[in-house]
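Numbering (my numbering), first residue to last: 2 to 452. Virtual Cβ for every residue (Gly too), placed ideally from N, Cα, C. Every value quoted in this text rests on a predicted model; they were computed, and no experiment measured them. Just below is one structure, and these are the notes that go with it.
Pasting the structure below:
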């Protein structure tokens, strides 16, 4: 027996310890592979949102600008990809100081385990850069648009995401809750869209002043394809599952509970927003439209994104119920102020992104917070949390607004040609001006007749 043979007992204990250690290492290896696979596949879903953005935006504007809007989405991806690899991820990373990262090893880096997170966060950078494209459709010069989009993907998003998501970011350290990006992605993009719209001005055909009645009227051109807008919206909803749940960066060690919380809270909020918009539209004569319902679905998703992991189910439902009328009121306000936003990006992403940042202060649960952020990171108290969230949203919106204004204002007032296309090019559409033809060839004959 081992009692009679101490050496055998020691050997058996040693072998058992080695076996246990190997077993733990094997489990750790499986968990690492599982988490990496989850994160990469979630990134693929987020990238699919680009197809949703393209279809929604193209369907929501006049067909004479369809190719232009699709090209803008494509060039956003291409430019953001290069910038994110060269230095964007290094600015985002948990290095440097509280304002920005400084991970030189990740600047133009070679493949490594870190690339899982480089890839995943790149898809968010590309999404934030795309939001402006629909808001300025039909009248902004391509070069000025590309400059704005590049600045967002290369500088603004990396720095803001460092504030909120990096372990040494100043907002993260203060307990700011923005789990998947109501503020970091959507409020940022919506604010940038607002500044761009203010500087470029409305389309010539959008608002008209009636001399006889002494009032302005809104003649917003209708989108040319509700079908494209519908497909784009559903694709965005599908991609949003990766956007929100993928932000867990894994499913091992209980994180699958956080992930499924994100998944179902997202659908609860979006579904509630659809119902809320439907009821609102039916109660207000002449206000019911499918495009509004589609945007309401997205408004609910934007609003729940910050608190998708920390909000209770009832909180997610209330979020959706609030998001729809707030989106609609914001869109009506934009029109009254004669701010031309063809796809309502400012209201969907900006206004509802602001709402989304505030929601966690009211509907979060301490148990859910501890699961998502770890025990002890955030001591949830409504008043204190509201203060942190307000500081976060003001900082994000101010930084985005200032950066875009600094880029576009000098261009508009000092550079010949400015940031806006010629009136004639606007009349016949960007597609003809840039690409020499339209997405729908029948239009080319109409232009020849008009000329």
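- For residue 201, the closest of 342, 352, 358 by C-alpha to C-alpha distance is 342.
- Of the candidates 146, 181, 147, 181 places its Cα closest to the Cα of residue 125.
- Taking 8 Å as the cut-off, the Cβ atoms of residue 354 and residue 187 count as close.
- A contact is defined here as three or more CB-CB pairs under 8 Å, and the segment 111-120 fails this definition with respect to the segment 171-181.
- Around the beta carbon of residue 350, 16 or more other beta carbons sit within 10 angstroms, so the residue counts as buried.
- Here the alpha carbons of residue 388 and residue 312 stand approximately 18 Å from one another.
- Taking every protein chain shown into account, the CB of residue 217 has fewer than 16 other CB atoms within 10 angstroms, so this residue is exposed.
- Fewer than three pairs of CB atoms, one per stretch, sit closer than 8 Å, so the segment 82-101 makes no contact with the segment 53-64.
- 8 Å or more divides the Cβ of residue 61 from the Cβ of residue 240.
- Remark: C-beta atoms of residue 259 and residue 138 do not approach each other more closely than 8 Å.
- For residue 211, the enclosing beta strand (DSSP E) begins and ends at 208-211.
- Per the C-alpha coordinates, the member of 270, 271, 293 positioned closest to residue 281 is 293.
- Annotation note: the segment 134-217 contains the following uninterrupted beta strand (DSSP E) runs of length 3 or greater, listed N- to C-terminal: 208-211.
- Contact annotation, residue 189 with residue 161: C-beta distance approximately 6 Å; criterion of less than 8 Å satisfied.
- In this structure residue 35 touches residue 253 by the C-beta definition: roughly 6 Å separates them, less than 8 Å.
- Here residue 100 is exposed: its Cβ has fewer than 16 other Cβ atoms, across all protein chains shown, within 10 Å.
- A direct Cα-Cα distance of roughly 43 Å separates residue 408 from residue 283.
- Approximately 10 Å separates the beta-carbon atoms of residue 242 and residue 50; this is outside 8 Å, ruling out the contact.
- Residue 193 places its beta carbon less than 8 Å from that of residue 405.
- The C-beta distance from residue 234 to residue 322 rounds to 19 Å, too long to meet the 8 Å contact threshold.
- Pairing residue 68 with residue 222 gives a Cβ-Cβ distance that is not under 8 Å.
- Taking the CA atoms as reference points, residue 339 sits about 12 Å from residue 195.
- Inclusion of residue 396 and residue 307 in the CB contact set at 8 Å is not warranted, their separation being larger than that value.
- Residue 215 and residue 208 have their C-alpha atoms roughly 13 Å apart.
- Rounded to whole angstroms, residue 276 and residue 206 show a C-alpha spacing of 33 Å.
- As DSSP reads the structure, residue 365 sits in a beta bridge with 312.
- In the same chain as residue 250, and ignoring 5 residues on each side of it, the C-beta atoms closer than 6 Å to its own belong to 40, in chain order.
- Distance from the Cα of residue 80 is smallest, within the candidate group 130, 232, 71, for 130.
- Here residue 219 is bridged, per DSSP, to 208.
- Apart from sequence neighbours up to five positions away, the residues of its chain that approach residue 229 with a beta-carbon distance below 7 Å are 56, 59, 60, ordered along the chain.
- When the Cα atoms are used, residue 122 and residue 416 turn out to be separated by approximately 35 Å.
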